[in-house]
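Please read the structure below before turning to the comments.
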Amino acid sequence: MTATTTAAKPQSARISEASDLGVFGTIAEGIRLSPAMRKGIGVTLVLALIATAGRLIVPLAVQTTTDAGILAEGGVDVALVLQLCAIAAVGLLITGACTSWVNVRLFRAAEAGLAQLRVRAFRRIHDMSALTQNTERRGALVSRVTSDVDTISLFVQWGGLMLILSSLQIIGATVVMVAYSWQLTLVVWAAFIPMMLLAPRAQKALSAAYGQVRVRMGALLGAISEAVVGAATIRAYGAGERTGTRIERGIAEHRNAAVRAQTLASLAFSSGVLLSQLALAAVVVAGVFLGLDGGISAGALLAFLFLVQIFVGPVQNATEVLNELQNAVAGWRRVIAIVHTPLDVTEPDDPAPLGPRGPAAVEFTDVEFAYPGGDPVLRDINLTIPAGARVAIVGETGSGKTTLAKLLTRFMDPATGTITLDGVDLRRIRLGELRDRVVIVPQEGFLFDGTIADNVAYGRTAAGSAEVDEAMADLGLREWLATLPDGVHTQVGQRGESLSAGERQLVAIARAYLADADVLVLDEATSAVDPATEARINRALASLTAGRTSVAIAHRLSTAEAADLVVVVDAGRIVELGHHTDLVGAGGRYAQMYDSWVTQSS
1375 MTATTTAAKP QSARISEASD LGVFGTIAEG IRLSPAMRKG IGVTLVLALI ATAGRLIVPL
1435 AVQTTTDAGI LAEGGVDVAL VLQLCAIAAV GLLITGACTS WVNVRLFRAA EAGLAQLRVR
1495 AFRRIHDMSA LTQNTERRGA LVSRVTSDVD TISLFVQWGG LMLILSSLQI IGATVVMVAY
1555 SWQLTLVVWA AFIPMMLLAP RAQKALSAAY GQVRVRMGAL LGAISEAVVG AATIRAYGAG
1615 ERTGTRIERG IAEHRNAAVR AQTLASLAFS SGVLLSQLAL AAVVVAGVFL GLDGGISAGA
1675 LLAFLFLVQI FVGPVQNATE VLNELQNAVA GWRRVIAIVH TPLDVTEPDD PAPLGPRGPA
1735 AVEFTDVEFA YPGGDPVLRD INLTIPAGAR VAIVGETGSG KTTLAKLLTR FMDPATGTIT
1795 LDGVDLRRIR LGELRDRVVI VPQEGFLFDG TIADNVAYGR TAAGSAEVDE AMADLGLREW
1855 LATLPDGVHT QVGQRGESLS AGERQLVAIA RAYLADADVL VLDEATSAVD PATEARINRA
1915 LASLTAGRTS VAIAHRLSTA EAADLVVVVD AGRIVELGHH TDLVGAGGRY AQMYDSWVTQ
1975 SS
């Protein structure tokens, strides 16, 4: 073996707090990631145009009714007034129908698009390596796929509709106002020039404020998630007050960030209302003087006042839409940051085929590994595991045993060197096929809420109850099942908490058995269990590993005694290799560990 002083340090991708895209870039990228949002957008825009045009019916009807019907030279023309009112009523009904239809279409498109975004983000999280996932707290990751997407949903379904209709409404109202009086139109627009000049600064401030709200929410959910999952530990150590203080601090930080953001939004909204009222007052005064000079009729002035209301309504709403937009953009940026996070472990560009199913040979060649920012944990690893062999990897805590297991299952890739399965580099095997061929039984078997049968069948989705029963019988677990209230249909509870640690491990072993892998990786499968349960687990493991290649990360050296090959790891290097009997007789590092273990066990 070639000595190496330092291992390359991979720069594992980190999940950034948020994307650095601007507002419009964020919206464009968000829509690109959710193509369903664009479906049928042409028809939706046409309906929105019709709905906007319909809003202009009332001012036109008011002007015509006043000048030609009420103030007609021959007196009030009742028939014309009724006719115009009927036309306006029909127009408003059509406008309402189109607005509702636009709303429904936007809602459907938004939900379909955001469902795509949730799936993309969730898929990306699961495709990340363990190193990348560990750069973000679990609760914060959940927040990005749930509450952050919800903020986008609120804007797209409501704010998006308002933005479309308001923009068209402002344009339409301006065109008609110019037709009535260009002078009064200038008065209206002049009143809103200050808002237009201040809008970019307000948008930037709101964007930063709502970005902090989303960050604080993620941190809060992370703290709460840890407190819920670790409730037993918190009670055991009397840490309830400290934990409560920590959560209260998180709540206070989120509250302060939310209050600041809402305060800024309220100031923007109040400014819009003030300017709207100033614009209306200015039009009334200027319109009266213009009317006295014969520059505008009474009906036209009334119509213009209606148009001002149509104009200023969207402007007032714009501040609220801006509020929702910035909240949505903040959430969008956090979700986009997830989707844009590079993957450390990727599918091969040119996958290599594996041979037929059966016990597989594994080989480590010049493998080195270091966690990002840390010292090397594996150096110069060269190891050949024959097909069908039972291998035990032993060593002190922190020696690198579990890291070897993670590399073999390709939860992460080595910095240098190769790991092969039947001669094929793991990085050239499709991940789905690798997961079928190599299965890990972790130190703590994770169980999903459901029955034992549900969790066992998780190893092979097509498995039925008969196959589950057969697997339990093959592993000699029927006697254990008989002690449970409902046998294989016993509910395990959330995270399997209704079962003991050893029982959860038995279910995990049965799950791995049903998966029928070529290579089994057992990460300290008998640690932290009582002797009786250990004996039951060992019997199940004997059936599980029969006819397969197995690699056991062993804490208890009873596992090494029964292995075909013992690999001794110390400070990231393989220091001894051989059969249990030979290594004990050699008097080296393994012999010292074995003597210590025997002394502690006696």
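For the sequence shown, our numbering begins at 1375 and goes up steadily by one. Backbone N, C-alpha and C define an ideal beta-carbon position, used for all residues, glycine too.
> Roughly how many angstroms lie between the CA atoms of T1379 and F1785, to the nearest whole one?
Replying inline: Residue placement at T1379 is poorly supported in this model, since its pLDDT is 36, which falls under 50; the coordinates are not used for a value here.
>> I'd like to know whether the C-beta atoms of V1949 and V1942 end up nearer to each other than 8 angstroms.
In response: yes
> Would DSSP call D1956 helix, strand or coil?
Replying inline: helix
>> Please classify L1419 as buried or exposed, where buried requires at least 16 neighbouring CB atoms within 10 angstroms.
In response: exposed
> According to DSSP, is G1791 helix, strand or coil?
Replying inline: strand
> How is I1755 classed by DSSP in three states: helix, strand or coil?
Replying inline: strand
>> Let's see if you can read the secondary structure: which residues bound the beta strand (DSSP E) around R1784?
In response: Careful: R1784 lies outside any beta strand (DSSP E) and carries neither H nor E.
> Which value, in whole angstroms, describes the spacing of the CA atoms of A1382 and V1713?
Replying inline: For A1382, the predicted structure reports a pLDDT of 41, less than 50, and the residue's modelled location is therefore unreliable. A value from the coordinates is still provided. Cα to Cα, the separation comes out at about 27 angstroms.
> What span of residues does the alpha helix (DSSP H) with L1505 cover, start to end?
Replying inline: A1504 to Q1507
>> Given a cut-off of 8 angstroms on the beta-carbon distance, is the pair A1583 and A1635 in contact?
In response: yes
> Is the distance from the Cβ of R1947 to the Cβ of R1753 below 8 angstroms?
Replying inline: yes
> Counting Cβ pairs, one atom from each stretch, are 3 or more of them under 8 angstroms apart for the region 1769 to 1782 and the region 1734 to 1751?
Replying inline: yes
> In three-state DSSP terms, what is A1402?
Replying inline: helix
>> I need the straight-line Cα distance from I1545 to R1429, nearest angstrom please.
In response: 12 angstroms
> Once you ignore the five residues that flank A1882 on each side, which residues in its own chain have a CB closer than 6 angstroms to its CB?
Replying inline: V1815 and G1819
>> Suppose only complete runs of 3+ residues qualify. What are the beta strand (DSSP E) ranges in the region 1801 to 1858, listed by chain order?
In response: 1812 to 1815
> Is the distance from the Cβ of V1455 to the Cβ of T1439 below 8 angstroms?
Replying inline: yes
>> Let me confirm a value: I1389 is counted as buried when at least 16 other C-beta atoms fall within 10 Å, else exposed. Which label applies?
In response: buried
> Is the distance from the Cβ of Y1887 to the Cβ of A1847 below 8 angstroms?
Replying inline: no
> Based on Cα-Cα distance, which residue from N1756, I1759 and A1726 lies nearest to L1808?
Replying inline: A1726
>> What does the Cβ neighbour count give for N1829, buried or exposed, with the cut at 16 atoms within 10 Å?
In response: buried
> For D1799, which beta-bridge partners are listed by DSSP?
Replying inline: T1794
>> Contact criterion: CB-CB distance below 8 angstroms. Does A1639 meet it with respect to chain C?
In response: This model lacks chain C altogether, as it is built from one protein chain only.
>> Alpha carbons only, please: which of E1615, A1735, S1521 and A1613 is nearest the one belonging to G1596?
In response: S1521
> Can you list the alpha helix (DSSP H) stretches of 4 or more residues lying completely in the region 1615 to 1669, in chain order?
Replying inline: none
>> Taking 8 angstroms as the threshold (C-beta atoms), are A1702 and G1585 in contact?
In response: no
>> Counting C-beta neighbours from all protein chains within 10 Å, is the total for W1706 16 or more, i.e. buried, or is it exposed?
In response: buried
>> Am I right that A1483 and G1414 are in contact with their C-beta atoms under 8 angstroms? What's the rounded C-beta distance?
In response: 7 angstroms
> Apart from the five residues just before and just after G1769, which ones in its own chain have a Cβ nearer than 7 angstroms to its Cβ?
Replying inline: K1775, V1942, V1943 and D1944
>> With DSSP as the reference, identify every bridge partner of D1944, one or two as the case may be.
In response: R1947
>> Does D1969 come out as helix, strand or coil in the three-state DSSP assignment?
In response: helix
> The beta strand (DSSP E) with R1764 in it runs from where to where?
Replying inline: R1764 to V1768
> In terms of residue numbering, what span does the alpha helix (DSSP H) encompassing T1923 cover?
Replying inline: Counting along the chain, T1923 falls outside any alpha helix (DSSP H), though it belongs to the beta strand (DSSP E) covering T1923 to I1927.
>> Rounded to the nearest angstrom, what separates A1960 and Q1868 at their Cα positions?
In response: 48 angstroms
>> Rounded to the nearest angstrom, what separates T1376 and G1748 at their Cα positions?
In response: Residue placement at T1376 cannot be trusted, given a pLDDT of 36 that sits under 50; the coordinates are not used to answer.
>> Could you compute how far the alpha carbon of Q1385 sits from the alpha carbon of V1751?
In response: Only weak support is given to the placement of Q1385: the predicted model assigns it a pLDDT of 49, under 50, and the value that follows is read from those uncertain coordinates. When rounded, the distance between both Cα atoms is 15 angstroms.
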